[in-house]
């Protein structure tokens, strides 16, 4: 999908009854230029470098607006951790470790069989463009397994 120009973004916001303010422009620029997901706090810090009078509440309100307009994708990592990324980036999914907080990307091809199964079994057309799966990463799983093994062998000759 081709990136929207600033004029297209402005038109899109105007069509919905909003203006492309300097603050919104800076917030959009931070997200668009980021190679990774960013938190509201990271966005706030970057915007303040250029526009020191911006308020964190402005960032949160703008992020709510932009995600509501599907310009920005919001990813809830659990435990109050929320990250944002530009919605035009390709479909992707997250594997989130509940122990260490690591976030890995899940290969989109792994979801094709799931999508097909959901349709065949339930007649359900799943929109699997963006979601998060929670569990334990390989490192934390290995650590947990080592602790369990050590506990099981305690007291044995």
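Residue numbers (our numbering): 1 to 157.
Just so you know, even glycine gets a beta-carbon here, dropped at the ideal spot from N, CA and C.
Inter-residue Cα distance where the pair is residue i and residue j
| i | j | result |
| --- | --- | --- |
| residue 50 | residue 28 | 14 Å |
| residue 37 | residue 54 | 21 Å |
| residue 159 | residue 40 | It is not possible to answer for residue 159, since the shown part of the chain is limited to 1 through 157. |
| residue 17 | residue 25 | 16 Å |
| residue 125 | residue 119 | 6 Å |
| residue 23 | residue 111 | 37 Å |
| residue 133 | residue 9 | 31 Å |
| residue 15 | residue 69 | 11 Å |
| residue 129 | residue 93 | 8 Å |
| residue 106 | residue 115 | 15 Å |
| residue 117 | residue 123 | 9 Å |
| residue 34 | residue 64 | 18 Å |
| residue 77 | residue 131 | 10 Å |
| residue 7 | residue 81 | 32 Å |
| residue 158 | residue 83 | The question about residue 158 has no answer here: the residues shown for the chain are numbered 1 through 157. |
| residue 135 | residue 127 | 22 Å |
| residue 42 | residue 121 | 43 Å |
| residue 12 | residue 113 | 35 Å |
| residue 71 | residue 32 | 10 Å |
Buried/exposed call for residue i, threshold 16 Cβ in 10 Å
| i | result |
| --- | --- |
| residue 66 | buried |
| residue 73 | buried |
| residue 157 | Bear in mind that a pLDDT of 46 at residue 157, under 50, signals an unreliable position, so the model cannot answer this. |
| residue 85 | buried |
| residue 30 | buried |
| residue 59 | buried |
| residue 19 | exposed |
| residue 87 | buried |
| residue 46 | buried |
| residue 62 | buried |
| residue 75 | buried |
One or two residues paired with residue i in a DSSP bridge
| i | result |
| --- | --- |
| residue 38 | 84 |
| residue 135 | 97 |
heavy atom of the ligand GTP below 7 Å from residue i C-beta
| i | result |
| --- | --- |
| residue 48 | As for the ligand GTP, it is missing from this structure, which has no ligand bound. |
Exercise. Give a yes or no on contact between the stretch 122-140 and the stretch 94-112, applying the rule of three or more CB pairs nearer than 8 Å.
Key: Touching, per the Cβ criterion.
Would you mind listing the alpha helix (DSSP H) stretches within the stretch 65-115 that are 4+ residues and don't spill past its ends, in chain order? Within the stretch 65-115, no complete alpha helix (DSSP H) run reaches 4 residues.
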